[in-house]
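Asks: Residue numbers (my numbering): 10 to 157. Here it is: the structure, laid out below.
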């Protein structure tokens with residue numbers, strides 16, 4: 010599988026759903042006491058013979074306040090994206106054990122599209138809540154920190 014097989018114009022989002030969107034914030038929560046946020050993300054891909062690829066992406070965020078014993082603001086979101094990749098058969102391979110091997114360039118492209126789209130959606134969903142100051146880091150910042 011050659012790197013130049015990836016053709017971004019052949020990747021299309023054909024469906025998208027927010028399957029979970031929840032923000033919990035205590036009534037007496039003091040936003041000014043937030044020092045930082047803890048978060049984690051999860052990304053999984055699934056494939057079918059019709060050249061469709063399903064991306065499941067979830068994000069969990071919790072504020073981290075000055076008082077360690079205080080209840081924190083929490084956000085939990087799950088997104089599903091369905092992509093159609095026109096030249097899918099050139100970028101994926103079904104192994105004998107029914108496991109799909111994906112070209113790294115396609116995996117990176119789908120992860121980047123999913124992450125950046127979800128990042129923008131979360132920015133709008135967190136407006137007006139105790140998590141309004143949280144923004145998922147830019148994907149290039151994550152990569153730079155991981156390498157260093």
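For each residue, glycine too, the CB sits at the ideal point set by N, CA and C.
What did DSSP end up calling residue 13 once you bin it into helix, strand or coil?
Replies: Walking along the chain shown from the start, residue 13 turns up at place 4. Three-state result, residue 13: helix.
Asks: Does the pairing of the region 17 to 36 with the region 89 to 98 give three or more beta-carbon distances under 8 Å?
Replies: Flag = yes, the region 17 to 36 and the region 89 to 98 touch.
Asks: Could you check where the alpha helix (DSSP H) with residue 32 kicks off and where it finishes?
Replies: Locating residue 32 in the chain shown gives position 23, where the first residue counts as 1. Looking at the DSSP string, residue 32 is not in any alpha helix (DSSP H); the run it does join, the beta strand (DSSP E), is 20 to 33.
Asks: Rounded C-beta distance between residue 43 and residue 74? I'm assuming under 8 Å.
Replies: Position 34 of the chain shown, counting from 1, holds the residue named residue 43. Position 65 of the chain shown, counting from 1, holds the residue named residue 74. Indeed they touch by this definition, with Cβ atoms about 5 Å apart.
Asks: Name the residue from 54, 133, 87, 126 whose alpha carbon lies nearest to the alpha carbon of residue 112.
Replies: Locating residue 112 in the chain shown gives position 103, counting from the first residue. With distances taken between Cα atoms, residue 112 lies closest to 54.
Asks: For a test of the three-state rule: what should DSSP assign to residue 116, helix, strand or coil?
Replies: Taking the first residue of the chain shown as position 1, residue 116 is located at position 107. Residue state, collapsed to three classes: helix.
Asks: Opposite residue 85 in the DSSP bridges: which residues?
Replies: Against the chain shown, residue 85 aligns to sequence position 76. DSSP output for residue 85 lists 31, 69 as bridge partner(s).
Asks: Put residue 79 into one of helix, strand or coil per three-state DSSP.
Replies: For the purposes of this step, residue 79 is taken as residue 70 along the chain shown, with counting starting at 1. DSSP places residue 79 in coil when its eight states are reduced to three.
Asks: To the nearest angstrom, how far is the alpha carbon of residue 104 from that of residue 86?
Replies: Counted from its first residue, the chain shown places residue 104 at position 95. Counted from its first residue, the chain shown places residue 86 at position 77. For residue 104 and residue 86, the distance between alpha carbons rounds to 32 Å.
Asks: Where does residue 139 fall in DSSP's three states?
Replies: Position 130 of the chain shown, counting from 1, holds the residue named residue 139. Residue 139: coil per DSSP, three-state reduction.
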